[in-house]
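A short write-up of the structure that comes next.
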Amino acid sequence: MQPLIEVGILGATGVVGQQFVARLARHPWFKPTWLAASERSEGKAYASVAPWRLTTPIPDELGPKTVEACTPGRGPRVVFSGLDASVAGEIEQAFASAGHFVVSNARNYRMDPLVPLLIPEVNGDHLSLVAEQQQAKGWKGAIVTNPNCSTIVLALALAPLRVFDLKSVLVSTMQAVSGAGYPGVPSLDILGNVVPFIGGEEEKIEAETLKILGSDGGRTPHTAMISAHTNRVAVLDGHIMTVSVDLGAKPANDDVIEALRRFRGRPQELELPSAPHPPIVVSFDNNRPQPRLDADRGDGMAITVGRVRPCKVTHTKFVALGHNTVRGAAGAAILNAELMAADRMFA
Numbered sequence: 001m002q003p004l005i006e007v008g009i010l011g012a013t014g015v016v017g018q019q020f021v022a023r024l025a026r027h028p029w030f031k032p033t034w035l036a037a038s039e040r041s042e043g044k045a046y047a048s049v050a051p052w053r054l055t056t057p058i059p060d061e062l063g064p065k066t067v068e069a070c071t072p073g074r075g076p077r078v079v080f081s082g083l084d085a086s087v088a089g090e091i092e093q094a095f096a097s098a099g100h101f102v103v104s105n106a107r108n109y110r111m112d113p114l115v116p117l118l119i120p121e122v123n124g125d126h127l128s129l130v131a132e133q134q135q136a137k138g139w140k141g142a143i144v145t146n147p148n149c150s151t152i153v154l155a156l157a158l159a160p161l162r163v164f165d166l167k168s169v170l171v172s173t174m175q176a177v178s179g180a181g182y183p184g185v186p187s188l189d190i191l192g193n194v195v196p197f198i199g200g201e202e203e204k205i206e207a208e209t210l211k212i213l214g215s216d217g218g219r220t221p222h223t224a225m226i227s228a229h230t231n232r233v234a235v236l237d238g239h240i241m242t243v244s245v246d247l248g249a250k251p252a253n254d255d256v257i258e259a260l261r262r263f264r265g266r267p268q269e270l271e272l273p274s275a276p277h278p279p280i281v282v283s284f285d286n287n288r289p290q291p292r293l294d295a296d297r298g299d300g301m302a303i304t305v306g307r308v309r310p311c312k313v314t315h316t317k318f319v320a321l322g323h324n325t326v327r328g329a330a331g332a333a334i335l336n337a338e339l340m341a342a343d344r345m346f347a
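The sequence shown begins at 1 in our numbering and counts up by one.
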């Protein structure tokens, strides 16, 4: 039996923070006992300051809880960060320095060579960076990050294909409006429209994916070349992308499908609470995956890959989909913390 671990949530009133609250309130290993947010929420009941955006109600035990300031040393040793990037850098560093393990959804430290950029099924071994991080930075705690919401879908889909000598990737994303946070994209910009630009997104996908698939904790990036196009579309939840890959080993299409279908990682081996079984669902329907029908697979933690077929320009092409606020945000961070807990990093 895993001992119950008390955890806190930084940025608890935001959209990602609310996902943390909802998922941690029913978690078998983690007990949320501390909620923190900005000064305007400090000292007030959580239910009165969190503009709740989820379809499930605020957990009864957390609605009356008093929100505190993001002050290092006051919360539990393990904290989840749903902070906006504009403030996350300084706050997360202060918490790590004070001895907290910060499991972050923010982008600020993702490309730091001493910070794991983690997808547990793909690069769980990158957690070895934590000891180096603590020594080099003089922190008593640590920071572990999860990738950008689109990067997670792409990197998880590419991971099984590394055995076929992955050489290049062309990806075009169609990203849900919830990925822009609340209140998100103005309705007059997105309804009946596609916006072919998301600031900084293409660069994140290209750089983060290579770090995740790389070696030496990601300090030696994977050698594949990645070119990304990103688009915002009028979908509520679920980032979908079309992907073409050049595979040097030139595998048969059935072998590619089998590699995707059979892929598993340590979360599945350890039966971590948030681990989807399987992590990659392969669809054989010609018109799948679709955000409305497939984003919630595996409680929002599985990705779906479909239309796997030969490509006349590269080698293989397919469509991939994942839930951007679950697998692409709070759910990803929680799974990261589960692997850390299983490895006794919080002991």
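Every residue gets a Cβ at the ideal spot worked out from N, C-alpha and C, and that includes glycine. The model shown is predicted, which means the values in this text are computed figures rather than measured ones.
Which word fits A347, buried or exposed, when buried means at least 16 other C-beta atoms lie within 10 angstroms of its C-beta?
-> Taking every protein chain shown into account, the CB of A347 has fewer than 16 other CB atoms within 10 angstroms, so this residue is exposed.
Given P28, which residues of its chain have a CB within under 8 Å of its CB, disregarding the five upstream and five downstream residues?
-> Cβ neighbours of P28 beyond the five flanking positions: Q2, P273.
Sort F20, L156, A131 by Cα distance to V282 and report the nearest one.
-> Taking V282 as reference, the option from F20, L156, A131 with the minimal CA-CA separation is L156.
Start-end ranges of the alpha helix (DSSP H) lying completely within the stretch 62-115, minimum 4 residues = Runs found: 85-97.
May I have a chain-ordered list of the alpha helix (DSSP H) segments no shorter than 4 residues that lie completely inside the stretch 12-62?
-> If we require 4 residues or more, the alpha helix (DSSP H) runs fully inside the stretch 12-62 come out as 15-24, 46-49.
Between the stretch 320-335 and the stretch 142-150, do three or more beta carbon pairs fall short of 8 Å?
-> When C-beta atoms of the stretch 320-335 are compared with those of the stretch 142-150, three or more pairs fall below 8 Å, so the two segments count as touching.
Would you identify the three-state DSSP class for Q135, choosing helix, strand or coil?
-> Looking at Q135 - three-state DSSP - the assignment turns out to be helix.
Please specify which runs of the alpha helix (DSSP H), each continuous and at least 4 residues long, are wholly inside the stretch 161-249, giving them in chain order.
-> Fully enclosed alpha helix (DSSP H) runs of 4 or longer: 187-190, 201-213.
Cut-off 6 Å between Cβ atoms - residues of its own chain near K140, not counting five sequence neighbours on either side | Here the set comprises G99.
Between the stretch 111-124 and the stretch 215-231, do at least 3 Cβ pairs fall closer than 8 Å?
-> Three or more beta-carbon pairs separated by less than 8 Å link the stretch 111-124 to the stretch 215-231, which places the two stretches in contact.
Go ahead and pull the three-state DSSP assignment for P273.
-> Reduced to three states, the DSSP call for P273 is coil.
Taking the alpha helix (DSSP H) that R262 falls in, what are its first and last residues?
-> Counted as a single uninterrupted DSSP element, the alpha helix (DSSP H) harbouring R262 occupies residues 253-262.
Between the stretch 125-140 and the stretch 302-322, do three or more beta carbon pairs fall short of 8 Å?
-> Contact between the stretch 125-140 and the stretch 302-322 is absent, with fewer than three C-beta pairs closer than 8 Å.
Cβ pair count under 8 Å reaching 3, the stretch 4-20 against the stretch 30-38 = Because the criterion of three Cβ pairs below 8 Å is met, the stretch 4-20 and the stretch 30-38 touch.
Nearest neighbour of E206, chosen from R110, V308, G43 [CA to CA] = For the residues R110, V308, G43, the minimum Cα distance to E206 belongs to R110.
Can you tell me the Cα-Cα spacing of L213 and G298, whole angstroms?
-> When only Cα atoms are considered, L213 and G298 end up about 23 Å apart.
Identified DSSP bridge partners for A320 = Beta bridge pairing from DSSP links A320 with M241, V305.
Taking the DSSP output, what are the residues bridged to A6?
-> According to the sequence shown, residue 6 is Glu rather than Ala. DSSP output for E6 lists K31 as bridge partner(s).
At least 3 beta-carbon pairs within less than 8 Å: the stretch 84-91 vs the stretch 54-68 | No: fewer than three Cβ pairs fall under 8 Å.
contact_flag[the stretch 228-236, the stretch 170-178] where n(CB pairs < 8 Å) is 3 or more | Yes, the stretch 228-236 is in contact with the stretch 170-178.
A180: which of V16, G124, L4 sits nearest, CA to CA?
-> Of V16, G124, L4, the smallest CA-CA separation from A180 is found for V16.
Can you tell me where the alpha helix (DSSP H) with S150 in it begins and where it stops?
-> Per DSSP, S150 belongs to the alpha helix (DSSP H) from 149-158.
Quick one: using the 10 Å Cβ neighbour count with 16 as the cut-off for buried, is V319 buried or exposed?
-> That one is buried.
Which class does P289 belong to by DSSP, given the choice of helix, strand or coil?
-> Here P289 sits in coil by DSSP.
What are the residues that DSSP puts in a beta bridge with V281?
-> DSSP, once it has assigned bridges, lists T304 as partnering V281.
Identify the continuous alpha helix (DSSP H) that holds V122 and give its terminal residues.
-> DSSP places V122 in the uninterrupted alpha helix (DSSP H) bounded by 120-123.
Residues near E92 in its chain [Cβ-Cβ closer than 8 Å; skip 5 each side] | Hits under 8 Å: L10, S81, L83, V102, S104, A106, N108, Y109, I143.
Do G331 and R23 come within 8 Å of each other at the CB atom, strictly closer than that value?
-> With contacts defined by Cβ atoms closer than 8 Å, R23 and G331 form a contacting pair.
Local conformation of V313 per DSSP, three classes = If DSSP states are grouped into helix, strand and coil, V313 belongs with coil.
Taking the alpha-carbon positions, what's the T223 to D125 distance?
-> Between T223 and D125, the C-alpha separation is close to 19 Å.
Check whether the stretch 287-296 touches the stretch 235-249, taking contact to mean three or more Cβ pairs, one atom from each stretch, closer than 8 Å.
-> The stretch 235-249 and the stretch 287-296 touch, with three or more beta-carbon pairs separated by less than 8 Å.
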